[in-house]
Amino acid sequence: MTTTPMDHHDPTELRTTGSVLLPVASARETTGSTLRLLAPHRARLAGTVVVLLATAAFALVAPALLGVMVNTVVAKRPWTELLLPAGGVFATTLLSAGLGRWGRLLLARTAQHTLAALREDVFATAVAQPAAVLEKAGTGDLVSRVAGDAEAVNTVIGRVLPAFVSALFTIALTLIGIGVIDWRFAVAVLAAAPLQLFALRRFLAGSGPVYRALRRAEAARGQEIIETLNGAETVSALRGQSRHLARIADSSERAIGHELHAVRLRANFYGLLNIAELIGLAAVLAVGFRLVTDSTVSLGAATAAALYFHQLFGPVGVLLSNVDELQDAGAGLARLIGVAALPQPATAKPTVDPGPQGPGRVVLDQVSYAYGPGRPTLDRVSLTVEPGETVAIVGASGAGKTTLAKLIAGVLVPDSGEITIDGERAGPSATDGGTRIVLVSQEVHVFDGTVMEDLRLFAPGVTRDQIRQTAERLDASWIDELPDGLDTSVGAGGHELTAAQSQHLALLRLALVAPSVAVLDEATAEAGSTDAGLLDRAASAALAGRTGLVIAHRLSQAAHADRIVVMERGRAVECGTHAELVRAGGQYARLWEAWAKGR
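Right, dumping it as structure tokens:
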């Protein structure tokens with residue numbers, strides 16, 4: 065189901081300042097993790113290297129054959145002697161192109177499989193983290209990594225990396241070919257190297273920090289936008305639009321400043337590369353002129369050397385001009401691996417199979433939890449909920465009700481004390497492979513797809529008839545009134561459900577999953593007066609036959625529970641039935657009296 069974000073900020077100030085960003089892997093960690101991800105593809109990588117080497121080797125044949133043709137013409141031999149080398153040029157060019165395409169496809173496929181494995185690791189690690197870790201970092205940081213950073217890496221894998229690796233092989237073999245003609249040509253080629261190396265070193269020194277800063281700035285901008293949109297109603301009600309728009313503009317300006325800095329670095333880099341190419345070509349032609357004049361090499365050999373160097377323009381340009389994209393992708397890769405390398409909570413990986421569901425006995429023993437230094441949000445709470453019992457949790461805002469719900473559901477891990485379900489320690493439920501406990505929160509989510517697909521997402525084995533029966537039991541007749549019933553597309557771009565219908569859908573998911581323990585954290589709070597009764601009845605039907613903990617938004621919900629626990633300042637101060645607590649005249653009685661008068 066979905067969980068609600070912790071409400072620990074001033075509603076008028078949706079800040080990103082103070083966020084603790086998720087870690088970024090070091091260069092050594094990034095390299096080590098990448099090699100581990102590539103390990104299962106060693107055979108394919110070896111084959112790719114062979115194909116790319118063959119591509120580069122065949123690319124060397126054409127200039128050599130063109131040199132032969134020049135010598136043939138200079139010697140005034142019959143034109144028919146040109147046919148064989150001309151055919152060789154044509155054939156080897158085609159062969160080199162075909163092998164190059166095959167090699168690049170092999171490399172891209174291997175890299176895509178590796179990136180897919182990394183994405184799965186990042187997602188699995190992220191959802192296994194305690195909610196506090198991700199909330200401290202902010203939504204924008206995580207979203208920018210799994211979206212922007214992953215896309216930057218994907219772009220490099222699909223377009224840049226194959227060309228980059230192919231260029232490396234071509235440069236290496238071409239330099240060998242030039243040296244074979246005459247070592248002095250190889251020395252002449254090196255005339256371009258000092259300026260190229262200077263340009264590259266200067267670019268690398270400046271671009272790395274710039275791209276990392278750009279990624280951080282984009283994450284901060286994304287966080288500002290997401291939090292402002294999430295709090296749009298509050299911002300509008302308090303007339304804070306101008307202030308929040310100004311903050312978004314400031315974060316955008318910072319990101320644009322880093323991008324412009326990167327553009328200036330690239331422009332200077334490419335300019336120096338062009339000058340280096342001119343110097344190198346002039347040196348090769350000068351050496352060729354001298355060697356041909358001295359009859360040390362033939363005109364055809366000098367022509368081949370010049371063509372070899374000219375042939376280097378493309379690969380060297382690819383090699384050096386794509387360094388900025390590799391830097392950008394490297395920064396993104398380090399941020400992705402930083403998430404994947406986060407330590408997983410010990411409870412995220414159970415040592416035993418969760419096995420069949422138990423009856424649903426929940427025990428909290430001296431449980432405490434704090435979001436930060438200072439007074440704990442939950443302070444030594446002990447509670448036992450028997451199988452099939454429904455317990456309502458009530459209290460003022462900030463009493464610790466939602467924190468208690470998240471701890472029981474395994475979204476958060478207690479700082480001290482213990483929570484057990486049927487004798488097994490509770491932990492992050494996203495990775496335990498079981499459905500013993502399900503949390504339905506106030507902020508429900510409608511997943512893209514049809515209503516049927518949405519409901520089957522967490523209960524893939526249910527049939528259409530089972531869904532219809534469950535919808536009838538929970539009085540969700542509105543589904544039949546949708547344009548295409550269960551086959552109606554909902555979510556982004558689909559039919560827009562009302563807030564009450566979205567919450568009703570979440571209760572249907574709960575009933576279809578059929579956990580032994582259900583936690584409802586104000587799961588019907590958004591319902592208006594018209595829908596409140598319908599959703600309350602649906603919640604009661606969804607809880608039938610299982611243990612239920614209900615964070616009550618309306619005291620009418622609490623009144624029908626088997627027991628009521630009253631929370632105050634992180635502690636359970638009262639516990640009993642509705643009648644018992646009203647007779648006791650304590651805090652619940654006062655809450656009930658105030659609520660009844662306000663109806």
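When you number the sequence shown by our numbering, it's gap-free, plus one each residue, and the end is 663.
All C-beta atoms, glycine included, are put in the ideal place defined by N, C-alpha and C.
Between the alpha carbons of G352 and D314 lies a distance of about 58 Å.
Exclusion of the five residues before and after Y275 leaves A326, Q391, D392 and A395 as the residues of its chain whose Cβ lies within less than 7 Å of its Cβ.
For H617, the closest of G459, V646 and L355 by C-alpha to C-alpha distance is G459. When C-beta atoms of the region 429–439 are compared with those of the region 204–214, fewer than three pairs fall below 8 Å, so the two segments do not count as touching. Here DSSP, grouped into helix, strand and coil, assigns A460 to coil.
In the DSSP assignment, H559 is bridged to V554. For G634, the three-state secondary structure derived from DSSP is coil.
The continuous alpha helix (DSSP H) containing Y334 extends over residues Q305 to T357.
Taking all protein chains shown into account, R439 has fewer than 16 neighbouring C-beta atoms within 10 Å of its C-beta and is therefore exposed. Counting only the Cα atoms, L101 lies some 59 Å from W659. In the assembly as shown, P127 is a buried residue. Its beta-carbon has 16 or more other beta-carbons within 10 Å.
Under the Cβ criterion (8 Å, minimum of three pairs), the region 175–190 does not count as touching the region 131–142. By the CB criterion at 9 Å, L225 and L169 fall outside the cutoff.
When E560, A227, P379 and V577 are compared, the shortest CA-CA separation from V526 is found for V577. For S160, the uninterrupted alpha helix (DSSP H) run begins and ends at L147 to A192, by DSSP. In this structure, V581 keeps its C-beta atom at 9 Å or more from the C-beta atom of G609.
The Cβ-Cβ distance between V449 and G424 falls below 9 Å.
Per DSSP, reduced to three states, the secondary structure at A216 is helical.
Counting along the chain, V137 sits inside the alpha helix (DSSP H) bounded by residues V125 to V138.
Of all alpha-carbon atoms in E488, L86 and G452, the one lying nearest the alpha-carbon of A284 is that of L86.
Per the C-alpha coordinates, the member of G422, L538 and E517 positioned closest to R500 is G422. Two segments are said to touch when three or more pairs of C-beta atoms, one from each, lie closer than 8 Å; by this definition the region 461–477 does not touch the region 511–518. Rounded to whole angstroms, G634 and H624 show a C-alpha spacing of 24 Å. When the beta-carbon positions are compared, V253 and A365 stay at least 9 Å from each other. Assignment of L584 by DSSP, reduced to helix, strand and coil, places it in the strand class. In the three-state reduction of the DSSP assignment, S620 falls in the helix class, which pools H, G and I. The alpha carbon of S230 has as its nearest neighbour, out of S316, V114, S359 and M133, the alpha carbon of V114. Counted as a single uninterrupted DSSP element, the alpha helix (DSSP H) harbouring I235 occupies residues L225 to I245. In the DSSP annotation of this structure, the continuous segment of the alpha helix (DSSP H) that includes R532 starts and ends at R528 to R537. L561 is positioned such that its CB atom lies no closer than 9 Å to that of L571. Bounds of any beta strand (DSSP E) do not take in R520; it lies within the alpha helix (DSSP H) bounded by V515 to R520.
Within the same chain, Cβ atoms closer than 7 Å to the Cβ of N218 are found at L179, the five residues on either side in sequence being excluded. If you ignore the 5 residues before and after S362, its C-beta comes within less than 6 Å of the C-beta of N135, all in its own chain and listed in chain order.
Burial state of I531 is buried, judged by a 10 Å Cβ sphere holding 16 or more other Cβ atoms. Taking 8 Å as the upper bound for CB-CB distance, T174 and T98 are not in contact here, some 12 Å apart. When only Cα atoms are considered, V554 and E488 end up about 37 Å apart.
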